[in-house]
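A short write-up of the structure that comes next.
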Amino acid sequence: MPLDLKFSIGKQVLASIDSIGANISEGFGGFHYKNKIKFFYNARGSLWESKHWIYLLYQRSLIKKKEYEWFIKELEILGKKLNSFISKTGNSNA
């Protein structure tokens, strides 16, 4: 696989993973709960995007199966926590 393609996918993975934390942080900074939830939803979207890029890394043999499984497991755990957080934020301010 060409080196520029590897770097391109790597940049996408880092950007999507960084976006998860950035959106959660931005949500915490929001005043109104609806604004917070909007950013938490964006974080969830970035989480799914991250899964996509990790899958492509695996499909293109750029990471091993064990690494792929670890990343997906960690993202699944984070996704459950994020969904719970979104639900609690909405319920406490509805």
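Just so you know, we're using the numbering used here here: the sequence shown kicks off at 338 and counts up by one.
Where a beta carbon is used, it is the ideal one built from N, C-alpha and C, also for glycine.
Where residue i sits in the DSSP three-state scheme
i      : result
Lys348 : helix
Leu419 : helix
Ala431 : The predicted position of Ala431 is uncertain, since its pLDDT is 49 and thus under 50; a value taken from the coordinates is nonetheless stated next. DSSP places Ala431 in coil when its eight states are reduced to three.
Ser398 : coil
Phe368 : coil
Nonlocal neighbours in the same chain, by C-beta distance under 8 Å from residue i, ignoring five residues either side
i      : result
Ile439 : There is no way to answer for residue 439, as the model of the chain reaches only from 338 to 431.
Ile423 : Ile374, Phe377, Tyr378 and Arg381
Ser429 : Tyr370
Gly427 : Tyr370 and Ile374
Cβ-based neighbour list, residue i, same chain, cut-off 7 Å, excluding 5 preceding and 5 following
i      : result
Ala431 : Model confidence at Ala431 stands at a pLDDT of 49, short of 50, so the residue's coordinates are unreliable and nothing is read from them.
Asn379 : Asn360
Leu419 : Phe377, Ala380, Arg381 and Leu384
Proximity below 7 Å, CB of residue i to CB of residue j
i      : j      : result
Gly364 : Lys373 : yes
Leu384 : Gly347 : no
Ser362 : Ser387 : no
Nearest-angstrom Cβ-Cβ length linking residue i and residue j, presumed shorter than 8 Å
i      : j      : result
Lys403 : Tyr395 : With 8 Å as the limit, Lys403 and Tyr395 do not qualify as a contact, their Cβ atoms being about 10 Å apart.
Own chain, CB closer than 6 Å to residue i, minus 5 neighbours either side, in chain order
i      : result
Phe520 : Here the chain covers residues 338 to 431 and nothing more, so residue 520 does not appear.
Ile357 : Ala380, Ser383 and Leu384
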